[in-house]
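Encoded as structure tokens, the structure appears first; notes follow it.
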Amino acid sequence: MPQIFLPNTAGYDMLTEKAEGRIAMLIVDKLAFQEKLSEGEKTLAAYILAHGMEIAKYSTRSLAEVTYTSPPTVLRLCKKLGFTGFDDFKQNFVRELEYLDQQQGKVDFNFPFAENDSPMRVAQNIGELYEEAVKDTMQLLRYEDLHKAVLLLKYHEEIHIFSAGTAINQAESFREKMLKIGKRVVIFNNLNYQRYQACCLSERDLAMIISYSGETAQMLEIARQCKRSGTPILALTSFGENSLTCYADCKLTLSTKESIYQNLGDYASHLSMTLLLDILYSEYFRQNYQKNYTYKLERARELEQHRTSTNPILLNLHKENAE
């Protein structure tokens, strides 16, 4: 197993302390919340908030010069915010601002229809919501995250999925697809069983934790147990920093335009989960395409003989693949 996929458990206590009692915060919130910053760091934070996207053009030295601080002060601020350096901070800060600028779309994700809307207006709005949720999810997806996530799937014996909510329904579809190509995925609907399940994992397994808020107590308990056992974590969670991201070895970001409670239904978050899981399955499949297709076809012929239809479209075979 490649060493890069083994989680670092040496700093577990520090990691736990960092995650405990936290609330999800954006970078702009951290910059505005200046209680633990020095005077020089407060000056930097205020300048960064005031100039927004312009920060992308600055270097560590040039930012220090315009704020009458110093390069070490810039680096200290970046590290207090959770980044390795100024370039790391800049990349994430600009990405966050770009995402926040795109929050206003055609449809209100929380209230996509009104009581007096016509049936076709409801249909139109839900269709537009789906389009925007897919676009939003794709804009948040980065190659390096997808690449690492698929390698985590590939190099671990079993995938164990954990979720406290209805995301389990989306995960079940992912499990079915993976089982049909011979990859074992384990899911327990019962939260108590999930806790025991986490205690049985090792570094040979992968824990996939799905939590929109990233703050669900049961999921954080499971994440802590995974860290103790050396089990790597792939998290599907919302944009920004939350407690779950502190434990994750890899994160895929869900569309984050929906309120946790004040909405008419979890339309966007569920669609975003489904899309990301389908992308994971598809890229995993592609990396060993012929072997996976052959396995799936052989199992289907063996186990799904009862499936039939009189619809010629459903019975149409892909002749190029069949030849």
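Read the sequence shown against the working numbering and you will find it ends at 323, with the numbers running on by one and no gaps.
Heads up, the beta-carbon is just placed ideally off N, CA and C, and yes, glycines get one too.
Would you kindly check if the distance between the Cβ of residue j and the Cβ of residue i is under 7 Å?
i      : j      : result
Met208 : Ile168 : no
Leu220 : Leu236 : no
Leu44  : Thr60  : no
Lys296 : Lys106 : no
Val74  : Leu81  : no
Ala56  : Val94  : yes
Ala248 : Ile233 : yes
Met273 : Gln170 : yes
Leu100 : Ile159 : no
Quick check: the Cα distance between residue i and residue j, rounded to an integer number of angstroms?
i      : j      : result
Lys49  : Glu96  : Here the sequence assigns Leu to residue 49, which means Lys is not the residue at that position. For Leu49 and Glu96, the distance between alpha carbons rounds to 12 Å.
Gly21  : Asn242 : For Gly21, the predicted model reports a pLDDT of 39, less than 50, meaning its position is unreliable; a value from the coordinates is still stated below. Distance between the alpha carbons of Gly21 and Asn242 is about 10 Å.
Asn125 : Gly265 : 13 Å
Pro71  : Tyr293 : 55 Å
Arg121 : Val134 : 20 Å
Glu366 : Asn116 : Since the first and last residues shown for the chain are 1 and 323, residue 366 lies out of range.
Glu65  : Gly52  : 17 Å
Glu176 : Asp278 : 11 Å
Val28  : His156 : 37 Å
With 16 other CB atoms within 10 Å as the buried threshold, where does residue i fall?
i      : result
Glu41  : buried
Gln91  : exposed
Cys78  : buried
Ser211 : buried
Gly85  : exposed
His147 : exposed
Gln305 : exposed
Ala300 : exposed
Ala123 : exposed
Glu132 : buried
Thr245 : buried
Stretch pair the region 121-138 + the region 168-185: three plus CB contacts closer than 8 Å: no
Indicate whether the contact test is met: 3 or more Cβ pairs, each with one atom in the region 257-270 and one in the region 140-152, closer than 8 Å. no
Quick check for students: name the residue ranges of the beta strand (DSSP E) that lie wholly in the region 193-265, counting only runs of 3 or more. 205-211, 233-237 and 250-253
What are the complete alpha helix (DSSP H) segments, minimum 4 residues, inside the region 266-321? 267-286, 289-303 and 312-315
Between the region 100-114 and the region 245-265, do at least 3 Cβ pairs fall closer than 8 Å? yes
Between the region 193-201 and the region 221-240, can you find at least three pairs of beta-carbon atoms closer than 8 Å? yes
Hey, which unbroken runs of the alpha helix (DSSP H) at 4 residues or more fall wholly within the region 22-62? 27-32 and 39-51
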